[in-house]
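So in my numbering the end of the sequence shown lands on 183, straight run, no missing numbers.
Note that CB positions come from ideal geometry on N, CA and C, so glycine has one too.
As the structure is a prediction and not an experimental result, all values here were calculated from the model.
Worksheet for the structure shown next.
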Amino acid sequence: MTTLPSRRSRLIVKIGSGCLTVSDTAKVGERRPRVEVDRNTLFRLAADCSALLPPPGQQDGAHLEIVIVSSGAVALGVEALGLDARPTELADVQAMAAVGQSLLMSLWREAFGRYGRQVGQILLTHSDLADRTRYLNIRATLENLLARGVVPIINEN
27 MTTLPSRRSR LIVKIGSGCL TVSDTAKVGE RRPRVEVDRN TLFRLAADCS ALLPPPGQQD
87 GAHLEIVIVS SGAVALGVEA LGLDARPTEL ADVQAMAAVG QSLLMSLWRE AFGRYGRQVG
147 QILLTHSDLA DRTRYLNIRA TLENLLARGV VPIINEN
């Protein structure tokens with residue numbers, strides 16, 4: 027049984043591509059190794075995070091909140107489109123992220139859904155945080171999601 031903190035605490039979990047991906051070693055003459063998303067790790071992370079949270083529907087203001095900052099959209103796009111390696115050109119990387127982002131959120135939704143939890147996507151840019159009005163809107167959205175017991179999944183747009 028997990029003991030919850032006596033007051034509200036927030037845990038930010040940064041999950042980089044290195045944690046969510048596995049790669050084959052590059053063979054002689056290959057540009058880069060093939061990268062795939064490690065779904066088992068993603069599901070274990072969701073299980074571990076869920077174990078720390080109060081039961082779904084029992085948010086009382088005195089508990090732990092978890093925010094996930096997740097990478098992996100580009101790797102999922104590369105995998106989905108059957109490429110042998112991550113592209114290097116910006117337009118190609120952005121295209122892979124566009125394909126992979128919905129797949130990434132689908133995996134997080136499935137992983138946390140096993141524990142009765144909802145996830146919400148927040149896509150940010152540096153300029154979102156630099157502009158005061160946009161920053162306050164993002165903060166309000168984040169607070170709203172957490173108050174509803176939703177696990178926010180943040181990624182760079």
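- Between the alpha carbons of residue 123 and residue 97 lies a distance of about 10 Å.
- In this structure, residue 182 sits away from residue 159, with a CB-CB distance that is not shorter than 8 Å.
- As far as DSSP is concerned, residue 170 takes part in no beta bridge.
- Residue 146 sits in a strand when the DSSP states are folded into three classes.
- Within the DSSP bridge table, the entry for residue 36 names 91 as partners.
- For the pair residue 137 and residue 69, the CB atoms are nearer than the 8 Å cut-off.
- The DSSP-derived three-state label of residue 97 is coil.
- When rounded, the separation of the alpha-carbon atoms in residue 84 and residue 91 is 12 Å.
- Spanning the alpha carbons of residue 74 and residue 67 requires a straight line of approximately 10 Å.
- Taking a 10 Å sphere around the C-beta of residue 47, we find 16 or more other C-beta atoms and assign the residue as buried.
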